[in-house]
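This report refers to the structure that appears directly beneath it.
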Amino acid sequence: MTEARKEKLSQVIQNRQFDLTIVLENVFDPHNISAVMRTCDAVGVQELFILNTKIPRHKKWGARSSSSAAKWLTIHQYDDADCCFEAVRKRYSRIITTHLSSDATSLYSLDLAQPTALVFGNEHSGVSEEIRLKADGNFIIPQVGIIQSLNISVACAVTLYEAYRQKEKAGHYGEDSRITNPGREQLLNEWGVDQLS
């Protein structure tokens, strides 16, 4: 591995966010999942949980839409909702779903600088009632058009970039983020990088 490559990987690891994750529930189109992976990598989200209770496990992702992001992420696939959310709850103190309801909070009112798992449902029916009952609340992305929904990968991108904005302001990226973190240490080993530069 060249020194330039080590430096690049070191910088990426330094900016990984181990207190924010995405959970995708029964997302049918692998290209949508791949697009979400690409956004996760872009903003430094390391873990992605994929729950398939109504469809078979995905065996591969859309390579063109992910731009190989999958190989740099930690992807957990589950076919049991209880097992999935037990694992999520161990790592993240708050679980919020995307769901249009009277008690939904605006995305821009959420504090995304605290440990959070964001749940997105499938392309046809959104987050199921079963999963909403496992969550701590739900949020919406404000919209003023006639169609009150976005493609899942677009909704995820909008949400993650709001999280990025908040977390950057809170000092979770760059020089201020150089705190000891077991996730960073694990990635250093997995990616073969000697130390954070």
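Here the sequence shown stands for residues 10 to 206, where the numbers follow the numbering used here.
All C-beta atoms, glycine included, are put in the ideal place defined by N, C-alpha and C.
Rounded to whole angstroms, what is the Cα-Cα separation between residue i and residue j?
{"i": "L196", "j": "G183", "result": "17 Å"}
{"i": "A122", "j": "W81", "result": "23 Å"}
{"i": "S19", "j": "F94", "result": "31 Å"}
{"i": "V45", "j": "A78", "result": "9 Å"}
{"i": "D91", "j": "E12", "result": "44 Å"}
{"i": "D50", "j": "S111", "result": "32 Å"}
{"i": "S148", "j": "S162", "result": "Residue identity differs from the one stated: residue 148 is Phe in this sequence, not Ser. Distance between the alpha carbons of F148 and S162: 16 Å."}
{"i": "L127", "j": "T30", "result": "6 Å"}
{"i": "T48", "j": "K17", "result": "18 Å"}
{"i": "T83", "j": "R14", "result": "20 Å"}
{"i": "I156", "j": "L109", "result": "12 Å"}
{"i": "L60", "j": "G180", "result": "31 Å"}
From the DSSP output, read off the bridge partner residues of residue i.
{"i": "T83", "result": "E56"}
{"i": "E34", "result": "L60"}
{"i": "L18", "result": "The partner list for L18 (beta bridge, DSSP) is empty, contrary to what the question assumes."}
Within the same chain, show all residues whose beta-carbon is closer than 7 Å to that of residue i, passing over the 5 residues directly before and after it, in chain order.
{"i": "I64", "result": "N35, F37"}
{"i": "A164", "result": "T107, F129, I150"}
{"i": "G192", "result": "R25, F27, Q55"}
{"i": "T62", "result": "N35, D88, A90"}
Under 6 Å Cβ to Cβ from residue i, same chain only, skipping five residues before and after it: list those, please.
{"i": "S74", "result": "With a pLDDT of 44 at S74, under the threshold of 50, the modelled position of that residue is not reliable, and the figure given next carries that caveat. H40, S43, A44."}
{"i": "K176", "result": "A122"}
{"i": "R103", "result": "T125, D145"}
{"i": "T114", "result": "F148"}
What does a CB cutoff of less than 8 Å around residue i pick up in its chain, not counting 5 residues either side in sequence?
{"i": "L227", "result": "The question about residue 227 has no answer, for the chain in this structure spans 10 to 206."}
Just to confirm the assignment: which complete alpha helix (DSSP H) runs, minimum length 4, are found wholly within the segment 122-162?
138-141
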